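First the structure, in the form of structure tokens, and then the observations on it.
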Amino acid sequence: MKVKKLLTTASVSALVLGMSAAAYADNWRYAHEEYEGDVQDVFAVAFKEYVEENSDHTVQIYRFGELGESEDIMEQTQSGILQFVNQSPGFTGALIPAAQIFFIPYLMPTDMETVLEFFDKSKAINEMFPELYANHGLELLKMYPEGEMVVTTDEPFTTPQDLQNKKIRVMTNPLLSETYRAFGATPTPLPWGEVYGGLQTGVIDGQENPIFWIESGGLYEVSPHLTFTHHGWFTTAMMANKDFFDGLGEEDQQVIRDAADAAYDHTIEHIQGLAEESLDKIQEACDECTVTRLNEEQTQAFKERAPQVEEAFLEMTGENGKKLLEQFKADLEAVTGE
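The opening position of the sequence shown corresponds to residue 0 in numbering that gives the first Met the number 0, with each subsequent residue numbered one higher.
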């Protein structure tokens, strides 16, 4: 007796549906600039978990150095090799000059509560920046702060005069170079992968980063004098290749937006107390490290040099930069009352 295997209409439909689901279950590639466990990685992991829990897609994360430096992963995203990238405006500045606005010193407040309120409510960040990024083939999904910038040097400093002839590493960002030139130092562009060795060998005399990077990258080992100048926050942006994003269905686009929102909320919770925790680790591990927090009078000496950086920003960005800066200041005034 022959046994016939019959495929019912229902089973055929189920098979086709399964094949269809498999065909559209993609592995999305996501690169960022930091090490495992750092803030951008915390964001990426939270994004990945949300996507994989709420869709059939998977997300492959590439951390610092796995696909090259920051410029490399941006090029790979624009070309469609990567679907997502997390990159600081510090590196995006050459591509999108107006993104350098975050490097105008003393423009941003430094207390976390005000910074977070600004990011939540700012029209400049939530309405104007997405348009700027879209013009360069990028779908801006989230901008978020990582931490207050801290300067590390081979010797303590409290005045701009102390920074004379000091070679301070900067990202490949024209405005950041202008900032340190205004502060009295010699700005020295250097890829992130060369910073530790540059400090160790004296190629550079100092650098700036959020305190958690200084701790996780071991920079305090070769640049032991930490100075809180109160001049700004490190900001980063998570974005997608725009052609990829626009080619998705509404459901997948919404999953991505929701995943970015969930990752943002998780990351903001993560950075609460992170700077203090990282500083404690540095001080516990390093006997020769010093920590200087500029007082109001000392800060003022640096703040007085900020207008020339703002002027340079306007020269670099023209009318678009002027409109963005005006909105930025209006947004700040709305949350600070100043």
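Positions of the beta carbon are idealized from the N, C-alpha and C atoms, including for glycine.
Being a predicted model, the structure only gives us computed values, none of them experimental.
Using DSSP bridges, identify the partner residues of residue i.
i, result
"Gly146", "Phe233"
"Trp27", "Val58"
"His224", "Thr152, Thr289"
"Glu138", "Ala239"
"Lys166", "Thr185"
How many angstroms separate the CA atom of residue i from the CA atom of residue j?
i, j, result
"Leu66", "Glu296", "44 Å"
"Met315", "Pro96", "7 Å"
"Thr131", "Ala24", "The sequence shown places Leu at residue 131, rather than the Thr named in the question. Cα to Cα, the separation comes out at about 30 Å."
"Leu162", "Gln253", "49 Å"
"Asp347", "Gly205", "Residue 347 is absent from the model: the chain starts at 0 and stops at 337."
"Val11", "Phe327", "Low confidence applies to Val11: its pLDDT is 31, below 50, so where it sits in the model is not reliable enough to give any reading."
"Tyr179", "Asp260", "34 Å"
"Tyr34", "Tyr49", "21 Å"
"Pro155", "Pro223", "9 Å"
"Lys280", "Ile267", "21 Å"
"Ile60", "Asp257", "18 Å"
"Ser277", "Thr200", "25 Å"
"Glu325", "Gln99", "14 Å"
Do residue j and residue i have their beta-carbon atoms positioned less than 8 Å apart in this structure?
i, j, result
"Val169", "Ile213", "no"
"Glu340", "Ser78", "Nothing about residue 340 can be read from this structure; the chain reaches only from 0 to 337."
"Phe211", "Val38", "yes"
"Gly336", "Trp232", "no"
"Tyr195", "Leu218", "yes"
"Leu198", "Val221", "yes"
"Tyr51", "Val58", "A small correction: the amino acid at residue 51 is Glu; Tyr does not occupy that position in the sequence shown. In this structure, Val58 lies closer than 8 Å to Glu51 by Cβ."
"Tyr29", "Gln75", "no"
Quick one: grab the DSSP three-state call for residue i.
i, result
"Gly205", "strand"
"Phe83", "strand"
"Glu295", "helix"
"Pro129", "helix"
"Asp37", "coil"
"Thr200", "helix"
"Leu324", "helix"
"Cys319", "Residue 319 is actually Asn in this sequence, not Cys. Three-state DSSP puts Asn319 in a helix."
"Ala93", "coil"
"Gln271", "coil"
Do residue i and the ligand NAD come close, with the Cβ less than 7 Å from some heavy atom?
i, result
"Met148", "The ligand NAD is absent from the structure shown, which contains no ligands of any kind."
_Counting beta carbon pairs with one atom in the region 217-234 and one in the region 284-298, are three or more of them shorter than 8 Å?_
These segments touch.
Given 8 Å, three or more beta-carbon pairs between the region 123-139 and the region 237-250
yes
query: If we count Cβ pairs, one from each stretch, closer than 8 Å, do we get three or more for the region 298-307 versus the region 102-110?
result: yes
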